[in-house]
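Residue numbers (this note's numbering), protein chains in the order written: chain A, 201 to 470; chain B, 2 to 328; chain C, 1334 to 1649.
Inspection log for the structure reproduced underneath, given as structure tokens.
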Amino acid sequence: MSEALFVVEDLTVTLPTSRGPVDVVKNVSFTVDRDDTVGIVGESGSGKSMTSLAVLGLLPPGGRTAGSIRLNGEELLGRSEAELRGIRGNAISMVFQDPLSSLNPYYTVGLQIEEGYRAHRGGSRREARKVAIEALERVRIPDPARRIDHYPHQFSGGQRQRIMIAMALCCSPELLIADEPTTALDVTVQAQILTLLAELQAETGTGLIFITHDLAVISSIAQRVLVMCEGDAVEYGTAEQIFSDPQHEYTRALLDAVPRIDDLIEEVAL
Amino acid sequence: MTRYVIGRLGGVVVILLAVCLFTYLIFFKLSPDPAVMICGKTCTPERIDSIRTVLGLNQPLLTQFWEFLQGIFAGRDYGTAHCSAPCLGYSFQTNESVWTMLTARLPVSITVAVGAAVLWLLAGVAGGLISAVKQGTWWDRSAMALALTGVSVPNYVLALVLQYVLVVKLQVLPFPSAPAFADNPGLWFESYLMPWTVLAIGYACLYARLTRANVIDTLAENFVRTARAKGLQRSLILRRHALRPALTPITTIFGMDFAGLLGGALITETVFGLNGIGKLAADSIAKNDQPVIMAVTLLAAFFVVIGNVVVDLVYTALDPRVRVTSA
Amino acid sequence: MSTTPTLLEVEEVGAPTSGPPTSTQRILTRLVHDKAAVLCLAFLLIVVLMAAFAPLITKLSGWGPYEFDSSAVNSALGGVPHGSLGGISGEHWFGVEPQNGRDLFARIVYGARVSITIALSATVLTGILGVVLGMLAGFYRGWVDQLISRVMDFLMAFPALIFMIAILSSLPAGNRPVLLVLVISAFGWPYLARVIRGQTMTLANREFVEAARASGAKDLALVFREILPNLRSSIIVMSTLAVPGYIGTEAGLSFLGVGVTPPTASWGQMISSSVSWYSVDPMFFAIPGAFLFLTVLSLTVLGDKIRSVIDAGEAA
């Protein structure tokens, strides 16, 4: 059987701190297939974001990695900066948590999408603009031909996140990493974004890594789940396994912490 | 938009009026009798009286102030002499029209300001940018140590040292004399070189530190992280994503600093003996030449207030979030 | 660069603290471990001690700041001090002033007194005015804000240097130091107030203020107990960086002859007098110049360090 699209094997990330080097990610392994969604769940500080940054080589200065990260069988760790640049935004894209601060307020959204496209595909500004308009359409931004010249502050939070997603998908990446993309949004908008991601994935067959601390969100979109705690991969399995039969006590604690309506009803009834 | 500009200009007028009134009051209270001053040595009470009448000094304060304001816009009459608009009065010392004195000296101050500004922007901003990009390297550390030193030296000390070394000891430059550019370009350049350098050093060091801090902060922003995650080239990220946000606040500060300099770099001009507005201010204060002091104060305030408005307008042009647009 | 304290040029003190304010304890501990900061603190301590104990010190060194020692200068040569380096000797540790033979060490020590007292008082006064008025404007908004902001605009539009010189030169020689402090503070507070006003406006909208208000806290209590602690780091940073500016301003005004009246010693005034003696007695220029430079430098470096500790504390 050929290897999965994206393989992370025994990944260890070490960051320099004032107290000496600290392993913030310890021997983490997981795989992502085409059209597959893997959710990474954990609290703040569990190392889930660092894992994703390590994939793209975006660790803070002084950070080191060990282990293996492979896309289509090719090793990513140890690649040169130039090679990594070719991969970022191209084969592997990332969407971040706070869309307001993740977009440059000084430039139009059109420019910010176009520059990503032109960095990898070249082409004229006119072509890039067409691609950008299409990208906006794909993420259901109304009136894209006009709004492409608007600035980030002129959009709502949900729309900004869609724009981030459009930006990430404009070069048809094979893998999309979404780091807490819905955490800064309200619940209804959250649902819209999740639906959008699912639809886009179905259209393009992109692999998706979805990082969050919110179990409820994971349960609705992930096929497989990796639970992280303080840098360790605590549990890894299919969504059904994790939710119905958690093996590790940390996973169980996480699940228990989710407020459930039947528990609340019981409490109130008492 | 036009409403905004008109509103701001209205504010400008109000503030200038306030500055004018305040200055007038202070000098009214504090200065010795101008009539006595003009009269000079051979004075008689009758002469003093006639001078007071001509100058309108016997009238209530506010009437005097009102006539002063009128003079600026419509000209006024001093006895039989007519002083055309804008009338800022006549110097108590030399009897020259104050307006003429100002316009004669303004080019010097402007030359000093512009030359220094060019130097300090180039050195300061470029230096700060390079330091930020090379953060932590020996270049960064030495540049910032130099900047720290430059910020801590009082500019008159620097002026004196430079003048001593370059003019007296090494005799590389002449004592500044500020000829017109057309007359003697070489001498013009040599004359202004030291004042430019002295002024520029202080500001350049300040701007280098500012720019470095701003660029470093901007590079830590989330949108720069996004730009990296898109696989953009480092130079593009710097040029496009880091520069605009980092430099926009500096434009504001530069506008205010430059406006302040247009009103005359008092200390620099005095030390180098350049006949600009600054030196005029210092001299007229020393001699208690009221009309000139008033005019210089007004002029300096005018530049600052206008500068404020210009800076705000420029800022709205640069920062899309601040624009008064109809989206 | 004008010697007015343009706190405009202090790097924008960003948003107010999001977490608990950095404790003074933390700042001090961090500073003690930084070599440069320790050096600066040491030098500043010397200067402050000089200022505080000036009379005692000059008693020890033997000469007061106003005493003339004509034996130390060569009146035949126009008043040049005897000996090299401006007359440095066991008698006069820093040498003497040309012509009048006053002990330079004593004058430096008393000059420190002038510089430190005026700069510190101006910083305190500016601090009080700036914080109180800034908070009032930012908290109450409306006409209070309009009024205070117009006054601030007015003061900032004023060519402060010209005005300071004009006022100082036309007033009688009475209590100069007090006057200097008042004039410097009058033009300095708007810059601090502006920053405080902005941050107060941001903070006043925060939830914790609403919560306090909902639990019945009166306005004054809100302002002082909820908002003020969060402004602390901005206040510390801006005040620390204002002190060197005010030292420079006082020195500049004294240099121009409108500062403290002679025979009171001031570093700026000494520099001004030293100009004509430059070629024969450079030490007369170098010593006050060096003290002025090093004091401003130490304060600026310290201010930088404090600010980076505070920033790091907030980022953590």
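Beta carbons are placed, not taken as given, at the ideal position from N, Cα and C, and that holds for glycine.
Pull up the DSSP beta-bridge partners for K226 of chain A, would you.
A:D432
Going by beta-carbon coordinates alone, are I393 of chain A and S249 of chain A separated by less than 8 Å?
no
Secondary structure, beta strand (DSSP E): runs of 3+ residues fully inside the segment 390–469 of chain A
407–412, 424–429 and 432–438
Note down, in chain order, every chain C residue with its Cβ under 9 Å from the Cβ of T150 of chain B.
F1626 and L1630
Residue range of the beta strand (DSSP E) that E210 of chain A falls in?
At residue 210 of chain A the sequence reads Asp, which differs from the Glu that was named. Element bounds for D210 of chain A: F206 to T217.
Helix, strand or coil for E1543 of chain C, going by three-state DSSP, please let me know.
helix
Endpoints, beta strand (DSSP E) assigned at I269 of chain A:
R264 to L271
Output, in sequence order along the chain, the residues in the segment 1591–1609 of chain C whose CB is closer than 9 Å to any CB in chain B.
V1591, G1601, I1604, S1605, S1607 and V1608
Bridge partner(s) assigned by DSSP for G239 of chain A:
A:F410 and A:V425
Could one say the Cβ of I287 of chain A lies closer than 8 Å to chain B's Cβ atoms, at least one of them?
yes
Which residue or residues does DSSP assign as beta-bridge partners of R288 of chain A?
A:I292
Minimum C-alpha distance to A36 of chain B - residue among B:V225, B:D50, B:L107 and B:V293:
B:D50
Cβ of K231 of chain B less than 8 Å from any chain A Cβ?
yes
Indicate the three-state DSSP secondary structure (helix, strand or coil) for A82 of chain B in the structure shown.
strand
For G116 of chain B, which residues from the same chain have a beta carbon less than 7 Å from its beta carbon, with the 5 sequence-adjacent residues on both sides left out?
Y193 and W197
Does the distance from the C-beta atom of F1376 of chain C to that of L1627 of chain C stay below 8 Å?
yes
Under the assumption that L212 of chain A contacts V225 of chain A (Cβ atoms under 8 Å), give the Cβ distance between them as a whole number of angstroms.
The sequence given here places Thr at residue 212 of chain A; Leu does not occur at that position. Yes, they are in contact, since the Cβ atoms of T212 of chain A and V225 of chain A sit about 6 Å apart, within 8 Å.
Is there a Cβ of chain A sitting closer than 8 Å to that of D320 of chain B, yes or no?
yes
What residues from chain B crowd round F296 of chain A, counting only those whose CB sits closer than 9 Å?
N223, R226, T227 and A230
Looking at chain B, which residues of the segment 1486–1515 of chain C have a Cβ within less than 8 Å of any of its Cβ atoms?
D1486, F1487, M1489, A1490, F1491, P1492, L1494, I1495, F1496, I1498, A1499, I1500, S1502, S1503 and L1504
On a Cα-Cα basis, can you pick out the residue from B:L159, B:L147 and B:R245 that is closest to I268 of chain B?
B:L159
Report the partner residues of G220 of chain A according to the DSSP bridge assignment.
A:T217
Candidates B:I307, B:K135, B:R226 and B:F74: which alpha carbon is nearest I7 of chain B's?
B:I307
C-alpha distance - I254 of chain B paired with A114 of chain B, whole-angstrom precision:
15 Å
DSSP-derived helix/strand/coil call for I377 of chain A
strand
Between which two residues does the alpha helix (DSSP H) carrying S285 of chain B extend?
I278 to A287
Sufficient close CB pairs (3 or more, under 8 Å) joining the segment 336–347 of chain A to the segment 269–285 of chain B
no
Using beta carbons (cut-off 8 Å, strictly below), is A118 of chain B in contact with chain C?
no
Who does D1436 of chain C pair with in a DSSP beta bridge?
C:V1429
Apply the 10 Å Cβ neighbour rule to Y5 of chain B and answer buried if 16 or more other Cβ atoms are within range, or exposed otherwise.
exposed
At a CB-CB cut-off below 9 Å, which residues of chain A make contact with R245 of chain B?
N304, Y306 and Y307
For G277 of chain B versus V99 of chain B, is the C-beta distance shorter than 8 Å?
no
Determine the DSSP secondary structure at G1621 of chain C, reduced to helix, strand or coil.
Before going further, note that residue 1621 of chain C is Pro rather than Gly in the sequence given. Helix, per DSSP.
CA-to-CA distance, L1480 of chain C to P155 of chain B, given in whole angstroms
35 Å
What does Q234 of chain B touch in chain A if you count any residue whose Cβ is under 8 Å from its own?
R285 and A319
Can you find a CB in chain B that lies within less than 8 Å of the CB of Y1524 of chain C?
no
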